[in-house]
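Heads up, the thing below is written out as structure tokens.
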Amino acid sequence: METPNLDFMLARGAYFPRAYTEVPSTVGARRTLISGQKPFTHGMIGYKDGVPWEIEHTLPGELAKAGYQTEFVGNMHLYPPRKLFGFHHAVHHEGARGSPDYVDDYKEWLAGTQWGREGVQERDHGVPSNSWIARPFHLPEHCHVTNWTVSMAIHFLKRRDPTMPFFIWISFIKPHAPLDPPLVYFNQYVDAEIPKPFIGDWAGMHAVKVKAVDPNMWRGVLPWRLIRRARAAYYGLITHIDHQLGRLFEWMMRRRLLHRTFVLMASDHGEMLGDHYLYRKSYAYEGSARIPFIIRFARSMDLEPGQTIDKVVGLMDVMPTLLDAAEVKIPETVEGSSVLPLLRGEDVKWRPYLHGEHSACYSPENAMHYLTDGKEKYIWFPPSGREQLFDLQSDPHELHDLAADPKARKRLEMWRNRLVEELAPRGDGLSDGKNLIPQRLRGS
16 METPNLDFML ARGAYFPRAY TEVPSTVGAR RTLISGQKPF THGMIGYKDG VPWEIEHTLP
76 GELAKAGYQT EFVGNMHLYP PRKLFGFHHA VHHEGARGSP DYVDDYKEWL AGTQWGREGV
136 QERDHGVPSN SWIARPFHLP EHCHVTNWTV SMAIHFLKRR DPTMPFFIWI SFIKPHAPLD
196 PPLVYFNQYV DAEIPKPFIG DWAGMHAVKV KAVDPNMWRG VLPWRLIRRA RAAYYGLITH
256 IDHQLGRLFE WMMRRRLLHR TFVLMASDHG EMLGDHYLYR KSYAYEGSAR IPFIIRFARS
316 MDLEPGQTID KVVGLMDVMP TLLDAAEVKI PETVEGSSVL PLLRGEDVKW RPYLHGEHSA
376 CYSPENAMHY LTDGKEKYIW FPPSGREQLF DLQSDPHELH DLAADPKARK RLEMWRNRLV
436 EELAPRGDGL SDGKNLIPQR LRGS
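Here my numbering is used: position 351 in the sequence shown is 366, and no number is missing along the way.
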């Protein structure tokens, strides 16, 4: 997969290969991003639309109070829609969601184009929002939401107050399904060599075979030709984002703005794309829970470029990192930590592991908690009490579950005890301080 601009960004900054989302689906992850809090603290441990949220301290809000001009562009996916959450201004695209009276800025813009005036809409290609179905975008590339997102970012930068420092949150809805890259990016990968899904020795439970395949399936056996197209489209969407970031960076560089800007790139979650017979997100496995976390330094920060930091980081670290970079006080409500001391080579005490979770999604059996230090991963499923343990150093694709391996018993017990301690203060019945307490499903 080609990402030249992100690669160059990494060379001018730092890469965190052990980065994970604390809740691997959109709403909870975005609450963590904007608040710096764990899912249990901010109240969204899974996926649910339409839940109002009041939060005192947000990333854009703290920067605004410190004198920054704050702008949001793209997919926010918080409720209520169009609430600013501390931004001075926001330009939205919320995909297929929204009530009839909700104003989607991208759809409004598209309606004003030549194709929009002819009645063509974003989703006329018929591909669902959480599907493995893949095809090229049906409109010219400049009409794609990824192009629009960068255009709106440049629009803000052109018109911002030049006497104020700025913060812009550019939120690409892609590569989330529909898997619909512009044709040139689909063609770039559709005939290329595509890696096949990783299938663990434990994954047979998800190898469901059906006569008619659900376009929105979350697990099951798909023909390789369909998975191949889905992966080609997903890769194409990522390369498309990369090229549009290149467009943005070039615009900023020509105006001597890029070298003065601190850039952090992350994602709310990943996508399984057939690994272990799974699709979509909300899982603890690498394809779903592991995320990019890349920083490009401002030149004035005098940090060593090209760093790779092996500490485990999460989305709750984004807010404190950006506030730290802006020399703005970090609120006590923030549970994450700034990564800048790591980049400065300081001897700081860092977390030994990251805790992630997700409530039941797609099926009651899927509710899970996980712990990882980036070297090992422990997963616990409260509905069944089932455990999994993976050695990510020797088995980065989670092919071999070590939970039943006698040689790994002590490691399993160590991770289990860590989760017991992690969950005990919550009072939600999952830990009594000594043991994990499964929440058995009715009839099981």
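Glycine included, each C-beta is placed from N, C-alpha and C at the ideal position.
| Query | Result |
| --- | --- |
| Spatial neighbours of Ala-313 in its chain, beta-carbon cut-off 8 Å, leaving aside the 5 residues before and after | His-274, Arg-275, Thr-276, Phe-277, Ala-340 |
| Straight-line gap, Asp-257 to Leu-279 (C-alpha atoms, nearest Å) | 14 Å |
| Candidates Ala-439, Ala-375, Gly-131, Leu-355: closest to Gly-28 by CA position | Leu-355 |
| Which of helix, strand or coil DSSP assigns to Gln-203 | helix |
| Beta-bridge pairing of His-159 - partner residues as DSSP gives them | None, per the DSSP bridge assignment. |
| Option in Asn-20, Pro-32, Glu-17, Met-16 with minimal Cα separation from Gln-322 | Pro-32 |
| Alpha carbon of Thr-161 to alpha carbon of Ala-304, nearest angstrom | 23 Å |
| Simplified DSSP assignment, three categories, for Val-88 | strand |
| Boundaries of the alpha helix (DSSP H) in which Tyr-249 is found, first to last residue | 239–269 |
| Buried/exposed call for Pro-440, threshold 16 Cβ in 10 Å | exposed |
| Proximity winner among Pro-193, Val-205, Met-331, relative to Val-142 (alpha-carbon distances) | Pro-193 |
| Reduced DSSP secondary structure (H/G/I, E/B, other) of Val-327 | coil |
| Cα-Cα separation between Arg-455 and Leu-198, rounded to whole angstroms | 48 Å |
| Option nearest Trp-395 by Cα separation, candidates Phe-405, Asp-388, His-384, Gly-389 | His-384 |
| Rounded separation between Lys-344 and Ser-50 - CA only | 14 Å |
| N-terminal and C-terminal residue of the beta strand (DSSP E) that Ala-149 is part of | From DSSP, Ala-149 is part of no beta strand (DSSP E); its letter is neither H nor E. |
| Cutoff 6 Å; reference Asn-361; Cβ partners in own chain excluding five residues on either side | Here residue 361 turns out to be Glu, not Asn, going by the sequence shown. The answer is none, since no qualifying residue turns up. |
| Within 7 Å, strictly: CB atoms of Ser-297 and His-370 | no |
| Residue interval of the beta strand (DSSP E) (run including Gln-403) | 401–406 |
| Distance between beta carbons of Trp-239 and Leu-293, contact taken as under 8 Å | The pair is not a contact, with the Cβ atoms about 16 Å apart (cut-off 8 Å). |
| Stretch-stretch touch, CB-based, cutoff 8 Å, three pairs: the region 89–109 with the region 60–67 | yes |
| Inter-stretch contact (C-beta, 8 Å, three-pair minimum) for the region 180–190 and the region 240–247 | no |
| Beta-carbon gap between Leu-330 and Thr-36 smaller than 7 Å | yes |
| Same chain only: Cβ atoms within 8 Å of Gly-444, ignoring 5 sequence neighbours per side | Ile-452, Gln-454 |
| Pro-212 vs Asp-290 beta-carbon contact at 7 Å | yes |
| 6 Å CB neighbourhood of Thr-47 in its chain, flanking five on each side removed | Glu-37, Leu-330, Met-331 |
| Candidates Pro-151, His-108, Asp-176, of which the one nearest Phe-201 by Cα | Pro-151 |
| Residue environment, Arg-424, which counts as buried when at least 16 other CB atoms sit within 10 Å | exposed |
| Tyr-377 and Trp-430 closer than 7 Å at C-beta | no |
| Identified DSSP bridge partners for Glu-11 | Since the first residue shown for the chain is 16 and the last is 459, residue 11 is missing from the structure and cannot be characterised. |
| Close-in-space but distant-in-sequence residues of the same chain around His-107 (CB under 7 Å, 5 per side omitted) | Met-91, Arg-97, Asp-119, Asp-120 |
| Expected contact under 8 Å - CB spacing of Trp-365 and Lys-326 to nearest Å | 5 Å |
| Phe-23: first and last residue of the uninterrupted beta strand (DSSP E) it sits in | That residue, Phe-23, is in no beta strand (DSSP E); its alpha helix (DSSP H) goes 19–26. |
| Where Arg-178 falls, given that 16 or more other Cβ within 10 Å makes a residue buried | Sequence check: residue 178 is Thr here, not Arg. Exposed, by the Cβ-count rule. |
| Identity of the residue in Arg-45, Glu-428, Gly-58, Asp-388 nearest Ile-324 by Cα | Asp-388 |
| Distance between beta carbons of Thr-56 and Glu-350, contact taken as under 8 Å | 6 Å |
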